[in-house]
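Okay, so here's the structure we're looking at.
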Amino acid sequence: MIHGTLLLVATGLCWVLIAVVISTAARRRLDLDFIQAGAALLTAAAAGGALLFQRSATIPLPLQLAVFGAGVGNYLMIKLMNAGMARGHNGAVWGITQSALVFPFTMGMLFFGVAPTVSRLAGLALILAAIVLFSFSKEKKPGTSGNWLLPTLGAFFFAGISQCCANLPSYLGAGDMPSTRRALLVQLGVLASFGVNAGLARSRWRARGTLLPLVTLGCVNIVSLFFLFYRGLNILASLGCGSIGYPVAMGSCIAGFLIYSRAILREKAGFAAAAAFLAVLSGILVISL
Numbered sequence: 000m001i002h003g004t005l006l007l008v009a010t011g012l013c014w015v016l017i018a019v020v021i022s023t024a025a026r027r028r029l030d031l032d033f034i035q036a037g038a039a040l041l042t043a044a045a046a047g048g049a050l051l052f053q054r055s056a057t058i059p060l061p062l063q064l065a066v067f068g069a070g071v072g073n074y075l076m077i078k079l080m081n082a083g084m085a086r087g088h089n090g091a092v093w094g095i096t097q098s099a100l101v102f103p104f105t106m107g108m109l110f111f112g113v114a115p116t117v118s119r120l121a122g123l124a125l126i127l128a129a130i131v132l133f134s135f136s137k138e139k140k141p142g143t144s145g146n147w148l149l150p151t152l153g154a155f156f157f158a159g160i161s162q163c164c165a166n167l168p169s170y171l172g173a174g175d176m177p178s179t180r181r182a183l184l185v186q187l188g189v190l191a192s193f194g195v196n197a198g199l200a201r202s203r204w205r206a207r208g209t210l211l212p213l214v215t216l217g218c219v220n221i222v223s224l225f226f227l228f229y230r231g232l233n234i235l236a237s238l239g240c241g242s243i244g245y246p247v248a249m250g251s252c253i254a255g256f257l258i259y260s261r262a263i264l265r266e267k268a269g270f271a272a273a274a275a276f277l278a279v280l281s282g283i284l285v286i287s288l
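Numbering that gives the first Met the number 0 numbers the first residue of the sequence shown as 0 and each following residue consecutively.
The structure is reproduced here in structure tokens:
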């Protein structure tokens, strides 16, 4: 269990860099769609190349589609999170979105026999309370218009759907699906979403200034998806505690980005935001007990 937990802590710390990329794109008005698509293409190419040298059991098509759906949800999550960060407190946007860990946690209890213990229910209540507290953040970026909370809640919803889809193979007897195949399916979902959006929006790509964020996001995807995240999930699921997988990873990334937003972005944390961060981290800790 310690091995699986450490893999997920490392995953969370990698994901802090995803938040940094989104925050940077929002501040500098970079083309995040182009960044997402480029990173997905890089990751998919690496995953496809690795699969040429691997053998794996046949995975039912519905489970493969579920992982593909995780990529679609991930694309929409990042797109909406970018809109929220462009308008509001980056730490609050990230905290609300990552609180979506309540989705796979609840799914595990409702459908896959995860025991609804007092500590788990208390942790769930704390995380939901944190979302309410985050919503009271009044900070708005100067020179911006529109509500930051609505796109953030949309990002929260799609993050939850994505996490549920990503968790399904571990629960439904396909935990041995190679991490490279999962990574490929997720990135294909991202690329498909990008293609649909590009066809509908018909906007020009803006590649200027995107190389470093694109490469950073691609490398984070490769390291976390190939070597850390899915391996950690499978280890914990095999021990009957798969529901704590996302809480461990999310706790690490929420705490890490909180430090970044305070130390680098110099974002002020009012009482509501500070209480929300404390509540979500406490909830994650309690869930993991």
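Where a beta carbon is used, it is the ideal one built from N, C-alpha and C, also for glycine.
Same chain, Cβ closer than 8 angstroms to residue i, five either side skipped, listed in chain order
i      : result
Gly208 : Arg27 and Leu29
Leu50  : Pro177, Thr179, Arg180 and Leu183
Ala206 : Asp30 and Phe33
Close beta carbons around residue i, own chain, < 7 angstroms, minus the five adjacent residues each side
i      : result
Trp204 : Asp30 and Phe33
Asn81  : Ile21, Ala24, Ala25 and Leu31
Thr10  : Ser223, Leu227, Phe228, Gly231 and Ala248
Ala38  : Leu213, Leu216, Gly217 and Asn220
Glu266 : His88, Asn89, Gly90 and Ser260
Pro150 : Leu79, Ala82 and Gly83
Leu132 : Ala271, Ala274, Ala275 and Ala278
Phe225 : Ser178, Thr179 and Ala182
Phe47  : Note that residue 47 is Gly in the sequence shown, not Phe. Same-chain partners within the cutoff: Leu183.
Ser134 : Leu148
Thr96  : Met76, Met80, Thr151, Ala154, Phe155 and Ala158
Element boundaries [alpha helix (DSSP H), containing residue i]
i      : result
Ala36  : Leu31 to Leu50
Pro59  : Note, Pro59: premise wrong, no alpha helix (DSSP H); not H, not E.
Met106 : Val101 to Phe110
Trp147 : First-last for Trp147: undefined, no H or E at that position.
Gly194 : Ser178 to Ala200
Gly172 : Here Gly172 belongs to no alpha helix (DSSP H), and DSSP marks it neither H nor E.
Ser118 : Val117 to Phe133
Leu288 : Where Leu288 is concerned, there is no enclosing alpha helix (DSSP H), given that its DSSP letter is neither H nor E.
Ser22  : Ile1 to Arg27
Cβ-heavy atom distance, residue i to the ligand HEM, below 7 angstroms
i     : result
Phe33 : Absence of the ligand HEM is noted for the structure shown, with no ligands found whatsoever.
Residues of its chain near residue i, where Cβ-Cβ distance is below 6 angstroms and the 5 sequence neighbours each way are ignored
i      : result
Ala102 : The sequence given here places Phe at residue 102; Ala does not occur at that position. The residues are Gly159, Gln162 and Cys163.
Gly269 : none
Arg119 : Ile286
Gly255 : Leu12 and Val15
Ala18  : Trp93 and Phe256
Asn166 : Pro103
Thr122 : Sequence check: residue 122 is Gly here, not Thr. Result list for Gly122: Gly282, Val285 and Ile286, in chain order.
Leu6   : Leu227, Arg230 and Gly231
Inspect the CB distances between the region 69 to 88 and the region 160 to 167 and report whether three or more fall short of 8 angstroms.
At 8 angstroms Cβ cutoff, the stretches touch.
Could you pull out every unbroken alpha helix (DSSP H) segment of at least 4 residues lying fully inside the region 221 to 278, listed in chain order?
Correct list: 228 to 237 and 244 to 262.
Count Cβ pairs between the region 52 to 61 and the region 170 to 181 that sit closer than 8 angstroms; are there 3 or more?
These segments touch.
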